[in-house]
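Read the structure below first, then the notes.
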Amino acid sequence: MLITSDMPVTKKGSWFLEYEHKCDPELIQIIQGTVYEVWRVERKIAALVNEGKPIPAWLRSQLRTLNRDLCRMRSVTTYYREASTIYNMQVLGEAFINQLKRDLPPLTFQTSVLCKRIGIQRDGFYSSMTENNKYSATNFSYLDNLEYKFDKIQEPCSLADADVDSNQPLCIAFDYNANINWLVCGQPRKTQLLVLKSFFVKFERKLPELIDDFCKYYRHHKRREVVFYYDSTALGSNYAVNNEDFRWVISNEFKSRGWRVREVYIGRPMHHIEKQLLINRMLAGHARLRPLFNRENNEDLLVSVQTAGVYNGNKDKRGEKLAETEEDRLRHAPTAATHSTPCVSGWRSFHRR
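The opening residue of the sequence shown carries number 159 in my numbering; numbering runs sequentially from there.
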């Protein structure tokens, strides 16, 4: 039985890490030594065959004994290893690893590529987040109707999502940063707020490219309308695109792509302690709407939410303003996770409506 995975970031997904305790390092070394002995005996036999000499009975018996012992040891052995993708550099190539490091959020790079154990902030900013706040919603009928014509899904779209109401507008919120910009999309459902999908862009890709990614994904959405929730941080400043502020850029980019924009200004950002109390009440189901995350479409966002820490009573944002360079990109990764979580602030406006 072979089990492989990225390094998990949730307690539920960490079940296979228990195999580490079943691994006997001494037995693994004995197996490795036995494999080497089998190889040596097989080389002797191959050399005799090439020379046309008879193979001694004792040599055949030794090979059978080694293989029998090897099978017995393997039958009761668990081999556990945490390996970084870097070990496969010769096959994957340095350029591919560098591209992953550039494109992925730092925490995702640590878990998926470097196989680092991050751990969940049980006393973190979003401490009420549990597995009950996640769901899966794949439209298998759409996938079945493709009839293995995989060229049709080379560019993903919302038709593969079973949780999207195409006749209703999409609610969106942003987080703006010089290094990474996020867009989180959702729709309310009675007592639930479905977090349908999240998008991010890094470095030279800014808000126009982020909105372009969104519009391409939801290109089949029947009601081409977004409800854009923004606070005062979107006004009067812009270090992501040009001289216009974030609100103007976002509205203009959507309109230029044929989407209607309904702007909802929610005022100044809440204090962190107020925001934490409200969002944790919502996550626990004690408010009017309970956020639920599509786990397949929000992998990076979930890592961010689950690992957001607390510093001096506020959300730990110490790493957000630090420049991300080739040398210190991973060093600041735990705090860089908080880049995406301000998007969740839009939840409070749903709560009030």
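The C-beta atom is built at its ideal place from N, Cα and C for all residues, glycine as well.
Here's the rule: buried if 16 or more other CB atoms are within 10 angstroms of the residue's CB, otherwise exposed. What is N335? buried
Fill in: Neighbourhood of F267 by C-beta distance below 6 angstroms, restricted to the same chain and skipping five residues each side
K259
Using three-state DSSP, classify L175 as helix, strand or coil.
helix
With a Cβ-Cβ cutoff of 8 angstroms, do L365 and I408 count as a contact?
-> yes
**Message:** Quick check: R453 and S294, are their CB atoms within less than 8 angstroms of each other?
**Reply:** yes
Which same chain residues, not among the five before or five after P212, have their C-beta less than 8 angstroms away from its C-beta?
L206
*Could you spell out the range, first to last residue, of the alpha helix (DSSP H) harbouring Q190?*
Residues P183 to E209.
| said: Please classify D164 as buried or exposed, where buried requires at least 16 neighbouring CB atoms within 10 angstroms. | reply: exposed
> Expressed to the nearest angstrom, what Euclidean distance is found between the alpha-carbon atoms of N303 and I161?
Replying inline: Each residue's alpha carbon lies about 31 angstroms from the other.
Decide if I431 is buried, meaning its Cβ has at least 16 other Cβ atoms within 10 Å, or exposed.
exposed
Are the beta-carbon atoms of F372 and L351 separated by less than 8 angstroms?
no
DSSP state of Y237 mapped onto helix, strand, coil = If DSSP states are grouped into helix, strand and coil, Y237 belongs with coil.
In whole angstroms, what separates the C-alpha of P214 from that of K202? 11 angstroms
TODO: Find the nearest neighbour of A204 within the set R218, G191 and I338, judged by alpha-carbon distance.
DONE: R218
message: Whether or not the region 216-236 and the region 421-431 are in contact is what I'm after, with contact meaning three or more pairs of Cβ atoms, one per stretch, closer than 8 angstroms; do they touch?
response: As far as the Cβ criterion goes, the region 421-431 does not touch the region 216-236, which means the pair count is below three.
Give the straight-line distance between the Cα atoms of E367 and I188, rounded to the nearest whole angstrom. 55 angstroms
Item to complete: Sort out for me which residues DSSP pairs D333 with in a bridge.
Response: W340
What does DSSP give as the partner residues of N452 in its beta bridges?
-> Y293
Review point. Just checking my contact of V463 with Y284 at CB under 8 angstroms: how many whole Å lie between their CB atoms?
Key: 5 angstroms
Starting from the C-beta of R381, find all residues in its chain whose C-beta is less than 8 angstroms away, skip the five residues before and the five after it, and write them out in chain order.
-> S324, N325, Q326 and P327
Legend entry - Residues near Y469 in its chain [Cβ-Cβ closer than 6 angstroms; skip 5 each side]: Note that Y469 scores 46 on pLDDT, short of 50, meaning its location in the model is unreliable; the coordinates nonetheless yield the value given after this. Answer for Y469: no residue qualifies.
Notebook entry, point to check: Are L435 and S356 touching if we call contact CB-CB under 8 angstroms?
Noted result: Taking 8 angstroms as the Cβ cut-off, L435 and S356 do not qualify as a contacting pair.
How long is the line joining the alpha carbons of T288 and L354, rounded to whole angstroms?
17 angstroms
Specify the secondary structure class of E305 as computed by DSSP and reduced to three states. DSSP places E305 in coil when its eight states are reduced to three.
Q. Roughly how many angstroms separate the alpha carbons of A491 and N225, rounded to a whole number?
A. With a pLDDT of only 38 at A491, under 50, the local geometry of the prediction cannot be trusted, and the value read off the model is given with reservation. Cα-Cα distance, rounded: 47 angstroms.
Close Cβ partners of S172 (< 7 angstroms) along its chain, the five nearest in sequence each way excluded = P166
| Can you list, in chain order, the residues of its chain whose CB lies under 6 angstroms from that of E485, leaving out five sequence neighbours each side? | Caution applies to E485, whose pLDDT of 35 falls short of 50 and renders its modelled position unreliable; the value that the coordinates give is listed next. If we look at E485 and ignore the five residues flanking it on each side, it has no Cβ neighbours.
Beta-carbon proximity list for F174, same chain, < 6 angstroms, skipping 5 on both sides:
I161
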